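In UniProt numbering, the protein residues as written are 1 to 141. Glycine residues also receive a C-beta, built at the ideal position from the N, C-alpha and C atoms. Note that the structure is predicted; figures quoted are calculated from it, not measured.
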């Protein structure tokens, strides 16, 4: 089954974080294929831009990070388009007030559900919501 990376996994692949070493070791043991959606790529770029605004990353470092991410995405992953149907299904997911589910996360869930991918995330609440909808999940360890 394909492994769909959400943003909580993409960031420590490309920026040094506490989970980076664990994650890179875990990825090396996986056979893939690895999936990165257009939404996840956009969220990654937004995260890098936010780090510049927070003065945690220089603009040059951000540009380099995004360029390396795009090369990595083109070379080592399969791209997944988020379809209009994913948005409609996600809109249904977020109609339930509890537990809290943000629209971008709901779109990730809907895309995984449509494509039959396993969601790879560090977000334990998202794991619970995915599994409640019959979506297989993995927390890298």
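- The C-beta distance from residue 133 to residue 101 rounds to 10 Å, too long to fall under 8 Å, and the pair is not in contact.
- Residue 42 has its alpha-carbon roughly 14 Å from the corresponding atom of residue 63.
- With a contact defined as Cβ atoms closer than 8 Å, residue 76 and residue 44 miss out at about 14 Å.
- Distance from the Cα of residue 3 is smallest, within the candidate group 113, 129, 128, 125, for 113.
- Non-local C-beta neighbours of residue 129 in its own chain, meaning closer than 7 Å and more than five positions away in sequence, comprise 99, 101, 109, ordered along the chain.
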